[in-house]
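Numbering (the numbering used here), first residue to last: 9 to 112.
The beta carbon of each residue, even a glycine, is placed where N, CA and C say it ideally should be.
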């Protein structure tokens, strides 16, 4: 039975910054079905802008592996409120557990 792993790399930079995005965290989630994955992504990102994310293949070409979600985030726990641009790189992989027993 296979399952799905969602790997999220969170990146951010200050609003108005000309610098590059910095990795601010990573997270992994596991789901039994793609419907569960889609529900999780909709609940987490809502209508945030998203672009497809690709990875280069060794044999040439590329393969779609997920999405980059873009939005503005803020920390309301401190005054003054600090805001930043955030991009989350979200890859989705279908995994199939291997049996611990070898066939002869």
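Status (buried if at least 16 other CB within 10 Å, exposed otherwise) for residue i
i: residue 89; result: exposed
i: residue 31; result: exposed
i: residue 2; result: No statement about residue 2 is possible, as the shown extent of the chain runs from 9 to 112 and does not include it.
i: residue 100; result: buried
Close-in-space but distant-in-sequence residues of the same chain around residue i (CB under 7 Å, 5 per side omitted)
i: residue 104; result: 10
i: residue 82; result: 89, 90, 91
i: residue 42; result: 12
Cut-off 6 Å between Cβ atoms - residues of its own chain near residue i, not counting five sequence neighbours on either side
i: residue 8; result: Residue 8 lies beyond the residue range present for the chain, which begins at 9 and ends at 112; the question has no answer from this structure.
Backbone CA spacing between residue i and residue j [nearest angstrom]
i: residue 168; j: residue 39; result: Here the chain comprises residues numbered 9 to 112, so residue 168 is not present and cannot be evaluated.
i: residue 78; j: residue 98; result: 11 Å
i: residue 35; j: residue 84; result: 22 Å
According to DSSP, residues forming a beta bridge with residue i
i: residue 93; result: 21, 80
Beta-carbon proximity list for residue i, same chain, < 8 Å, skipping 5 on both sides
i: residue 20; result: 29, 30, 32, 81, 92, 93, 94, 95
Using 8 Å as the Cβ pair cut-off and three pairs as the minimum, do the region 73-83 and the region 44-63 touch?
-> yes
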